[in-house]
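Heads up, the thing below is written out as structure tokens.
Put into structure tokens, the structure is as follows:
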């Protein structure tokens, strides 16, 4: 299982960095998880400035957060994928104008090596 | 647990069993190992099995679907090719447990004995004994077309509607469980919750199913324009339950997918000649 996101080349050219946190089972406290993902053990230096709820093109809910870690402000999108959460962390001097549009095009890739239907055993 | 064929010799090696035919190791060899995890498809097991040095593959057989004498699912296939220009055949027999498999791999170096070697390997797989008994167990069905499958745990699978999450319909296929009197009522009660059955239940109806299976579906009204359909089927030994959660607006289309799935459910295989399996349980330990 993965989160698929097409990152535009112009973002990279403009010094924007993107980190994708692969889907994982929903943590007990998603906000604490978000802070820890960004600031590690130095949780006190991170602060959520703003948050709002959006929807991807396919209808998946994602929460967009502005998080300050010391002097840097990151945009963090947390995707709710049934019983998993995935995150995209966008960092850089300037926020891309098409930020929301790009984040809304993200989608889960459910492909797995697991045997979901027993029929698959004989393939 | 396998039994050594008459005249063959067996030796424990590397956590498994190595079987050598009466003609000796120059004729061929079989290796058996059990409780291999995770569960995998026959083609994956064949692709990842270590090939003999110098192996050149020429042909891969179709995969045979087998049932062991204990009623467990199994698969069998072989590859023909050559090692240093000498024709060889590699055999693969797999017995599937709930979350593990047992694997018999072999190589035969004598082309005029390929068929006999293969038959012996197939026979060993058919008699392989795991003594898993009647238990909570996954069963075979055809996945609904276009739906995305997720394995929730060892036993449960969820199928998401093609346009999920816009269409929030989800089909959950539960494991079959041994028939217990009153189980159907307990399951229905669990879904209905505190609502009276008269208010919650819509038109229970008989369901189309394969031979040996009979069942009904129950539509149950839920809150906020949602509904649940339970398909409950039974045979003489097992109880099969598939659940669909959907919104009213999507229910007809989603129920068609549910019925498509339930019509393909195969009853779990019954145990066969248990006497033969009984001999397999101990022989390679007491030989």
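Protein chains in written order, with the numbering used here: chain P, 1 to 123; chain H, 1 to 287.
Each residue gets a CB set at the ideal place from its N, CA and C atoms; glycine is no exception.
Only a predicted model underlies this, so the values are computations on that prediction, with no experimental measurement involved.
Proximal chain P residues relative to residue i, where beta-carbon distance stays under 9 Å
{"i": "residue 141(H)", "result": "117, 118 and 119"}
{"i": "residue 39(H)", "result": "114, 115 and 121"}
Beta-carbon neighbours of residue i, restricted to chain P and to distances below 8 Å
{"i": "residue 43(H)", "result": "123"}
{"i": "residue 75(H)", "result": "121 and 122"}
{"i": "residue 157(H)", "result": "116 and 117"}
{"i": "residue 262(H)", "result": "Neighbours of residue 262(H) on chain P: none; closest Cβ ~13 Å, over 8 Å."}
{"i": "residue 148(H)", "result": "110"}
Alpha helix (DSSP H) segment containing residue i, residue limits
{"i": "residue 126(H)", "result": "114 to 127"}
{"i": "residue 192(H)", "result": "183 to 192"}
{"i": "residue 45(H)", "result": "42 to 48"}
{"i": "residue 204(H)", "result": "Looking at the DSSP string, residue 204(H) is not in any alpha helix (DSSP H); the run it does join, the beta strand (DSSP E), is 201 to 206."}
{"i": "residue 157(H)", "result": "Segment 157 to 160 is the beta strand (DSSP E) holding residue 157(H); no alpha helix (DSSP H) there."}
{"i": "residue 91(P)", "result": "Taken as a continuous stretch (DSSP letters only), residue 91(P) belongs to no alpha helix (DSSP H), being part of the beta strand (DSSP E) at 84 to 91."}
Buried/exposed call for residue i, threshold 16 Cβ in 10 Å
{"i": "residue 4(H)", "result": "buried"}
{"i": "residue 48(H)", "result": "exposed"}
{"i": "residue 227(H)", "result": "buried"}
{"i": "residue 95(H)", "result": "buried"}
{"i": "residue 149(H)", "result": "buried"}
{"i": "residue 277(H)", "result": "Bear in mind that a pLDDT of 49 at residue 277(H), under 50, signals an unreliable position, so the number given afterwards is only what the model happens to contain. The residue in question, residue 277(H), is buried, as its Cβ has 16 or more Cβ neighbours within 10 Å."}
{"i": "residue 74(P)", "result": "buried"}
{"i": "residue 96(P)", "result": "buried"}
{"i": "residue 92(H)", "result": "buried"}
{"i": "residue 28(P)", "result": "exposed"}
{"i": "residue 16(P)", "result": "buried"}
{"i": "residue 127(H)", "result": "buried"}
{"i": "residue 197(H)", "result": "exposed"}
{"i": "residue 103(H)", "result": "buried"}
Partner residues on chain H for residue i, Cβ-Cβ distance less than 7 Å
{"i": "residue 114(P)", "result": "151"}
Per-residue contacts from residue i into chain H (C-beta, under 9 Å)
{"i": "residue 58(P)", "result": "163, 164, 165 and 166"}
Cβ separation of residue i and residue j, assumed to be a contact under 8 Å, to the nearest whole Å
{"i": "residue 23(P)", "j": "residue 86(P)", "result": "4 Å"}
{"i": "residue 201(H)", "j": "residue 229(H)", "result": "The Cβ separation is near 11 Å, so there is no contact."}
{"i": "residue 46(P)", "j": "residue 64(P)", "result": "Incorrect: roughly 16 Å between the Cβ atoms, too far for contact."}
{"i": "residue 58(P)", "j": "residue 145(H)", "result": "Contact doesn't hold; Cβ gap of about 19 Å is too wide."}
{"i": "residue 243(H)", "j": "residue 119(P)", "result": "Incorrect: roughly 19 Å between the Cβ atoms, too far for contact."}
{"i": "residue 114(H)", "j": "residue 86(H)", "result": "About 12 Å; that fails the 8 Å criterion."}
{"i": "residue 176(H)", "j": "residue 218(H)", "result": "Contact flag wrong, Cβ pair sits at about 18 Å."}
{"i": "residue 102(P)", "j": "residue 30(P)", "result": "Actually they do not touch by this definition, with Cβ atoms about 22 Å apart."}
Neighbour list for residue i in chain P, Cβ cutoff strictly below 7 Å
{"i": "residue 63(H)", "result": "122"}
{"i": "residue 138(H)", "result": "118"}
{"i": "residue 19(H)", "result": "Residues of chain P passing the Cβ test: none, with the nearest at roughly 24 Å."}
Range covered by the beta strand (DSSP E) that runs through residue i
{"i": "residue 47(P)", "result": "46 to 55"}
{"i": "residue 78(H)", "result": "73 to 83"}
{"i": "residue 89(H)", "result": "86 to 96"}
{"i": "residue 196(H)", "result": "Taken as a continuous stretch (DSSP letters only), residue 196(H) belongs to no beta strand (DSSP E), as it is neither H nor E."}
{"i": "residue 147(H)", "result": "Counting along the chain, residue 147(H) falls outside any beta strand (DSSP E), and DSSP gives it neither H nor E."}
{"i": "residue 220(H)", "result": "214 to 221"}
Any non-hydrogen atom of the ligand MG closer than 8 Å to residue i Cβ
{"i": "residue 91(H)", "result": "With respect to the ligand MG, the structure shown offers nothing to examine, as it has no ligands at all."}
Can you list, in chain order, the residues of the region 89 to 106 of chain H whose Cβ is nearer than 7 Å to any Cβ on chain P?
Cβ contacts with chain P: 96.
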